[in-house]
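Report on the following structure.
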Amino acid sequence: MPRFNPMRWNIPLPKRLAPGVRNRAGIGIVLRQTGHLPAAILLAVVLTCPASAETYFVSPQGSDANDCRGAQTPCKSIQAAADKIAIGQAGSIVLADGEYQAGVSITHRRIVGIGGNCADPSRVRIRPGPDATAIEAQDGAIVGATCLTCEAQDGADGARCFRSRQFAIIDYLNMRFGHMPGGGHVSADEISKINCAGVVEIVGDAAYHASASKGSAIDLNCTIAIDRPRAFRWFAIATARAIIDATRIAFTGGGAAATTGQRYVVGGGTLINAAAMPGSRGGEVKNGGIAQ
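In terms of the numbering used here, the sequence shown is residues 23 to 314.
Right, dumping it as structure tokens:
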């Protein structure tokens, strides 16, 4: 994987957006290079978007009958905005402050940037229900997500924040991962890829933080801030020829050292830098897995 010297990516603001949107939507943000070239380039591509792409606005006070083309005529659901992006085309979705009870599925080679409030990501919350996913990408779609909080609805079990499958890619930057009982934060399945960048906060418990399976890959080479001790059943899971690369993972905050649960399970997959995974119990390797 190519690497190069640290630098800043200055992503220009699309002309159709008002200046006030710059810091709130993650569009026109400045990405600090973290040594992970694909994540930086992908977010630059997604959040800048070509001239033919459109920007759509979403608000909890909106209506899916709106055209979603401006902050005064937003959609109500993220899915309604995503559905306005044609198959194989690129677009960006700006989320207003508030709570979104339903997530979004991006499919069929669409390239989509989803941005929240970069001044305070806690003000934009996506809250999936039982066994649901906040942001899912499949069928060759590419998604960049930034400045959002993801947490399960009250009483919801088995929810996920991110899920990629079927040759899709998800890159996330400056996310907050909240409480996900019985579910997880990041899941890559069926030959897909997920990358993290910037600083990622864990502010809630979950069954797992990262799970990769069926030939997929997760890149955890970012900084993870854990505010206080958190509980996981497993922090990382790599099975069925999948790879989790945590070569340059870093932890900040007082919670990482006291986080509870099994550090990892590697069953037929590969986990790089397994010793860095937090937890109160050692890892498990089975079915020909590799924990380096």
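Ideal Cβ positions, reconstructed from N, Cα and C, are used throughout, including at glycine.
Every value quoted in this text rests on a predicted model; they were computed, and no experiment measured them.
Determine the DSSP secondary structure at Pro143, reduced to helix, strand or coil.
helix
Counting pairs of Cβ atoms below 8 Å between the stretch 227-234 and the stretch 145-154, do you hit three or more?
no
Which of the three DSSP states, helix, strand or coil, is assigned to Ala103?
helix
Is Cys97 closer than 8 Å to Tyr332 when the C-beta atoms are compared?
The question about residue 332 has no answer here: the residues shown for the chain are numbered 23 through 314.
Tell me whether Ala190 sits in a helix, a strand or coil according to DSSP, three-state version.
coil
Can you tell me where the beta strand (DSSP E) with His207 in it begins and where it stops?
Met202 to Ala210
Nearest-angstrom Cα distance between Arg46 and Val134?
The pLDDT assigned to Arg46 is 38, lower than 50, so where the model puts this residue is not dependable, and the model offers no usable value.
Restricting to Cα atoms, I'd like to know which of Leu195, Ala190, Gly151 and Gly166 is closest to Tyr178.
Here residue 178 turns out to be Ala, not Tyr, going by the sequence shown. Relative to Ala178, the option among Leu195, Ala190, Gly151 and Gly166 whose CA is nearest is Gly151.
From the DSSP output, read off the bridge partner residues of Glu223.
Arg198 and Ala247
With a cut-off of 8 Å on the beta carbons, I'd call Thr282 and Pro251 a contact; round off their distance for me.
7 Å
Along the chain, where does the beta strand (DSSP E) that runs through Glu306 open and close?
Glu306 to Lys308
If you run the structure through DSSP and keep just helix, strand and coil, what is Ala280?
helix
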